[in-house]
Amino acid sequence: MPLLAEVTGSTAAIGYGLAAIGPGIGVGLIFASYVQATARQPESSRLTQPFVWIGFAVVEALALLGVAFGFIWAG
Amino acid sequence: MSTSLAAEIPWPPSVEDFYLPPIVDGTNPWFTKVTLLVWVAVAALIIFFLVTYRDPKLVPTKRQWIAESIYGFVRNNVARDLIGHDGVRFAPYLTTLFCFVLLTNLFGIIPGIQMSPNSHIAFPAILAVISWVLFNAVGIRQHGFAKYMKNSLIPPAPWFILPLLVPIEFISTFVFRPFTLAVRLFANMFAGHMILLVFTLGGFVMLNSNAWLAPVSLVSWLMAVALTFLEALVIVLQAYVFTVLTASYVQGALAEEH
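In order, the protein sequences belong to chains D and A. So the first sequence is numbered by the working numbering: it starts at 1 and just counts up by one. So the second sequence is numbered by the working numbering: it starts at 1 and just counts up by one.
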């Protein structure tokens with residue numbers, strides 16, 4: 001079978017692109033919920049803010065693990 | 001000039017860019033810019049808070065106001081809001097943690113320094129271990145070892161699901177918490193430094209490549225400047241997140257019920 005096309009370079013970049021989808025959606029949902037909650041109940045904004053950051057940090061950890069492991073397993 | 005410069009530019013940026021040479025050639029391979037920056041940060045924080053609070057006035061001076069605002073912010077918005085009234089006794093540690101992480105992160109974007117000690121996993125790892133010891137010690141002292149383990153490991157669930165839940169709780173509380181604390185801070189600083197390297201060095205690479213791409217290097221450098229401001233946001237956010245998560249773990253350890 002003749003070789004028609006070839007991809008060169010690091011597949012880690014493709015892997016990280018795929019890995020970033022989930023955390024991207026997750027972080028979006030968190031801030032969307034915060035905006036909606038604050039629009040419905042403006043007084044609650046101070047109450048919910050720390051939890052927004054905790055949730056954001058936990059979800060974002062997945063994307064950042066992708067950065068770290070991309071380099072670890074790059075070889 | 002262009003050929004000699006092109007040969008010097010390490011492209012693409014890699015993990016090797018984070019291993020700096022020792023400051024004094026030949027001696028002490030561990031004494032790098034990173035080591036120096038950590039000591040500078042420690043010294044700067046100690047001196048700043050000693051000087052600003054040496055002679056406190058009823059009407060605060062500008063520096064005293066800055067120090068009091070930082071402490072007040074962490075005490076009221078982090079310690080008291082998250083842990084409750086009891087949390088004020090953790091405010092000194094949380095403030096120290098916040099200031100140290102913030103300052104060491106800031107070294108990552110200050111022109112001329114542009115290297116954050118937190119982009120080496122060792123420093124976030126030690127900070128995470130301290131937080132881990134702190135919340136476990138607080139929980140054990142509050143409840144006693146057996147009750148603390150019961151509180152943190154056994155969620156209120158039907159008995160038949162417990163064999164599944166207990167290992168998950170164990171791993172998430174005692175393994176993943178310090179691990180993610182360390183990796184989150186490290187990866188943010190690492191990725192931030194990498195992005196700045198890509199746009200700064202990329203500018204030089206394009207400048208040296210050909211006449212058509214050379215003007216585009218200006219765009220690359222402008223991007224580097226813009227991303228430095230984005231990085232400033234990330235730096236403050238990560239310092240805040242590290243403090244908030246430590247506070248929330250302490251709160252979880254202090255809580256009566258699961």
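Heads up, the beta-carbon is just placed ideally off N, CA and C, and yes, glycines get one too.
#### Entry: Assigned exposure category for residue 1/A - 16 Cβ within 10 Å defines buried
Low confidence applies to residue 1/A: its pLDDT is 37, below 50, so where it sits in the model is not reliable enough to give any reading.
### Message
I need the straight-line Cα distance from residue 4/D to residue 128/A, nearest angstrom please.
### Response
50 Å
### Message
Output needed for residue 49/A: all residues of its chain with C-beta closer than 7 Å, excluding positions within five of it in sequence on either side, in chain order.
### Response
67
### Task
Identify the contact partners of residue 29/D in chain A, using a Cβ-Cβ distance below 7 Å as the criterion.
Under the 7 Å cutoff, chain A gives no residues; its nearest Cβ is about 18 Å from residue 29/D.
### Query
If you follow the alpha helix (DSSP H) that residue 213/A is part of, which residue opens it and which one closes it?
Element bounds for residue 213/A: n/a, residue is neither H nor E.
#### Entry: Three-state class that DSSP yields for residue 28/A in the structure shown
coil
### Query
Does the Cβ of residue 31/A have 16 or more other Cβ atoms within 10 Å, making it buried, or fewer, making it exposed?
exposed
### Task
Tell me whether residue 78/D is buried or exposed, calling it buried when 16 or more other Cβ atoms sit within 10 Å of its Cβ.
The structure shown does not extend to residue 78/D, since chain D spans only 1 to 75, so no value can be given for it.
### Task
Give the DSSP-derived three-state secondary structure of residue 46/D in the structure shown.
Taken through DSSP and simplified to helix, strand or coil, residue 46/D comes out as helix.
### Query
If you measure beta-carbon to beta-carbon, which residues of the region 14-28 of chain D are closer than 7 Å to chain A?
none
### Task
Determine, using beta carbons only, whether residue 11/D comes closer than 8 Å to chain A.
no
### Coarse secondary structure for residue 57/A, derived from DSSP in three states
If DSSP states are grouped into helix, strand and coil, residue 57/A belongs with coil.
### Short CB-CB distance (under 8 Å) between residue 184/A and chain D
yes
### Query
Using a Cβ-Cβ cut-off of 8 Å (strictly less than) and excluding sequence neighbours within five positions of residue 169/A, which residues of its own chain qualify?
152, 153, 154 and 155
### Message
If the criterion is Cβ atoms closer than 8 Å, does the pair residue 50/D and residue 81/A meet it?
### Response
yes
### Query
Along the chain, which unbroken stretches of the beta strand (DSSP E) at least 3 residues long are found entirely within the region 7-40 of chain D?
Segments of the beta strand (DSSP E) lying fully in the region 7-40 of chain D: there are none.
### Query
Mind checking if residue 35/D is an interface residue toward chain A, Cβ cutoff 8 Å exclusive?
It does not; no Cβ of chain A falls within 8 Å.
### Query
For residue 47/A, which three-state DSSP category applies?
Of the three classes helix, strand and coil, the one that applies to residue 47/A here is helix, per DSSP.
### Query
What does a CB cutoff of less than 7 Å around residue 245/A pick up in its chain, not counting 5 residues either side in sequence?
181
#### Entry: Sequence-distant residues of its chain with Cβ nearer than 6 Å to residue 248/A (five each side left out)
82
### Query
To which residues of the same chain is residue 4/A closer than 7 Å at the C-beta, ignoring the five residues directly before and after it?
At residue 4/A the pLDDT is 48, less than 50, meaning the model places this residue with poor confidence and gives no usable figure here.
#### Entry: Neighbour list for residue 180/A in chain D, Cβ cutoff strictly below 7 Å
61
### Query
Going by alpha carbons, who is nearest to residue 119/A out of 223/A, 201/A, 106/A and 95/A?
106/A
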